[in-house]
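Everything in the sequence shown is counted per numbering that gives the first Met the number 0, starting at 0 for the first residue and increasing by one.
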Amino acid sequence: MTTTAQTEPKRHAIFLPFAGGGLGPRTNNETMINRAWLGINDIENRIYLSRLFPQTEAAQREWWLKSDTDKELVFVIYLGAEAIGTMGVHHIDYVHGHATTGTLIWSAKHRNQGIATKAKLVLLEYLFDTLNLRRVYSRYIDYNKRSARYSDKCGYVEVARIPGHLRFGPMLADDVTLMCERATWLPCFLNYQAEHPTPHTREQFIIKHREEAGK
Ligand SMILES: CC(C)(COP(=O)(O)OP(=O)(O)OC[C@H]1O[C@@H](n2cnc3c(N)ncnc32)[C@H](O)[C@@H]1OP(=O)(O)O)[C@@H](O)C(=O)NCCC(=O)NCCS
């Protein structure tokens, strides 16, 4: 009898803490997969996502269980120990130094509490100061004012808008592209740090250790 070797998905092992929670890797936890599947099919979420068709359980499971790569990292948003959504970093391009992020908080009970703002601010620190990206993009449908507001709080600015690009029955909506650079993110991050003191930005941490090492 021959057996076929099963390839285990290779996931990143990065954990980025923020006040009250953190961003971590996807795990094989069934409850988490089920919550993610219910979350992406929630009508209140779907109206803000450009792909309108329901996500099948099989498609959700396949996406959830796949590996991270050098082009795509998916993070789970944790509130304490509870998984409440995802924050993906897609189309990572090290040559030109950019990537595109997308966020989904699964349940309404966790929205509008500042969680995505805190999570995105620490994710951007990782993208700018560890991966050395220059620009991080995000897209939203013009009526998603909450997405626009939370992005603004993280330092994103509008750089492109395609009028009427999206069609929902008789209604058209603009496809808006936002861009964040280190210079616009940093003041937002420092404000966040002032409210939620953490020991350091990565840069400050390196400076501290260099000083201690007499460099
Ligand atoms: C968009 C999303 C990621 C934001 O996460 P969140 O944790 O709810 O966001 P935050 O609480 O950090 O910030 C939301 C901000 O928008 C504001 N807001 C909420 N609804 C708003 C509206 N209709 N118009 C303007 N601002 C609004 C909130 O008051 C808050 O701003 P404030 O802190 O100044 O009061 C999350 O709500 C979500 O997953 N939504 C459904 C899916 C989605 O839209 N994903 C993004 C696709 S681009």
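No residue lacks a Cβ here, since even glycine has one placed at the ideal position from N, Cα and C. A quick note: this is a predicted structure, and the numbers were derived from the prediction, not measured.
Return yes when the C-beta of Thr101 is under 7 Å from any heavy atom of ligand 1, and no when it is not.
In the sequence on display, residue 101 carries Gly and not Thr. Yes, ligand 1 has a heavy atom inside 7 Å of this Cβ.
Given Cys179, which residues of its chain have a CB within under 6 Å of its CB, disregarding the five upstream and five downstream residues?
So the list reads Val135, Gly154, Tyr155, once near-sequence residues are dropped.
Within the continuous beta strand (DSSP E) that includes Tyr136, where are the two ends?
Per DSSP, Tyr136 belongs to the beta strand (DSSP E) from 134-140.
Applying the criterion that 16 or more other CB atoms from any shown protein chain within 10 Å of the CB defines a buried residue, is Gln59 buried or exposed?
Buried.
Taking only the alpha-carbon atoms, compute the straight-line gap between Ala107 and Arg209 and give it to the nearest angstrom.
Going from the Cα of Ala107 to the Cα of Arg209 covers about 44 Å.
Per DSSP, what kind of secondary structure is Ile32 in: helix, strand or coil?
Of the three classes helix, strand and coil, the one that applies to Ile32 here is helix, per DSSP.
For Arg181, name the three-state secondary structure that DSSP assigns.
The answer is helix: DSSP assigns Arg181 an H, G or I state.
Within the continuous beta strand (DSSP E) that includes Asp67, where are the two ends?
Note, Asp67: premise wrong, no beta strand (DSSP E); not H, not E.
Does the beta-carbon of Leu165, which I'm using as the reference point, lie nearer than 7 Å to any heavy atom of ligand 1?
Flag unset: Cβ of Leu165 not near ligand 1.
Considering Cα atoms alone, identify which of His195, Ala172, Thr30, Asn28 is closest to Thr116.
Checked all of His195, Ala172, Thr30, Asn28; the closest Cα to Thr116 is His195.
Would you give the residue range spanned by the beta strand (DSSP E) that Ala159 belongs to?
That run of the beta strand (DSSP E) goes 155-167.
Might you give, ordered along the chain, the residues of its own chain that have their beta carbon closer than 8 Å to the beta carbon of Leu122, omitting 5 neighbours on each side?
Here the set comprises Leu15, Leu22, Phe74, Met86, Val88, Thr100.
Alpha carbons only, please: which of Trp62, Arg45, Phe52 is nearest the one belonging to Arg25?
Of Trp62, Arg45, Phe52, the residue nearest in Cα terms is Trp62.
From the DSSP output, which residues share a beta bridge with Ile91?
Answer by DSSP bridge pairing: none, since Ile91 is not bridged.
DSSP puts Asp173 in a beta bridge; with which residues?
DSSP, once it has assigned bridges, lists no residue as partnering Asp173.
Restricting to Cα atoms, I'd like to know which of Tyr142, Tyr191, Thr176 is closest to Phe167.
Ranking Tyr142, Tyr191, Thr176 by Cα distance to Phe167 puts Tyr142 first.
Report the CB separation of Trp105 from Gly38 in whole angstroms; it is logged as a contact under 8 Å.
With 8 Å as the limit, Trp105 and Gly38 qualify as a contact, their Cβ atoms being about 3 Å apart.
What separation, rounded to the nearest whole angstrom, lies between the Cα atoms of Asp128 and Gln112?
About 26 Å.
Taking Thr6 as the reference, which of Asp41, Leu64, Gln203, Arg181 has the closest Cα?
Measuring from the Cα of Thr6, the nearest candidate turns out to be Leu64.
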